[in-house]
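This report concerns only the one structure given below.
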Amino acid sequence: MDCSMFAIYDITEIPYEFKLLFRGSRDGFSGKDFHKLCDNIPGTVVIVKINSTAEILGGYILLNGNLPSIHSDLYDIESYGPWFSTDLAMNISKI
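The opening position of the sequence shown corresponds to residue 2 in our numbering, with each subsequent residue numbered one higher.
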């Protein structure tokens with residue numbers, strides 16, 4: 002793994018481009034809407050804030066492919082990378 006992936010950058014010098022692919026308030030809140038816009042895009046960072054609970058969920062998709070459905074609190078799928086949650090169950094899961 003390239004050690005430069007773990008470098009800390011000044012906010013004005015981040016060597017990556019970020020593009021908002023999906024926003025629930027703009028694109029709809031269904032899983033179908035999300036997958037329509039976000040599947041098959043490599044290098045995707047997913048961050049979701051749940052309004053009713055203030056819970057934060059997310060993950061990173063390294064390769065092309067369909068995003069997995071989130072049915073557990075933590076995934077570590079080789080082609081997708083880690084998924085995370087602020088849910089208590091994630092904190093007690095075996096990793």
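The beta carbon of each residue, even a glycine, is placed where N, CA and C say it ideally should be.
Can you pull the DSSP bridge partners for residue i?
i      : result
Tyr-61 : Val-46
Phe-51 : In the sequence under discussion, the amino acid at residue 51 is Ile, which differs from the Phe named in the question. Glu-56.
For the alpha helix (DSSP H) that residue i lies in, which residues bound it at each end?
i      : result
Gly-29 : Counting along the chain, Gly-29 falls outside any alpha helix (DSSP H), and DSSP gives it neither H nor E.
Assign residue i to buried or exposed, taking buried as 16 or more other Cβ atoms, counted over all protein chains shown, within 10 Å of its Cβ.
i      : result
Thr-45 : buried
Ile-42 : exposed
Ile-12 : exposed
Ile-15 : exposed
Ile-62 : buried
Output the distance between the C-alpha atoms of residue i and residue j, rounded to the nearest integer angstrom.
i      : j      : result
Ser-31 : Gly-25 : 8 Å
Ile-51 : Leu-21 : 17 Å
Ala-55 : Val-49 : 10 Å
Ile-57 : Lys-33 : 20 Å
Asp-28 : Val-47 : 15 Å
Ile-9  : Glu-18 : 15 Å
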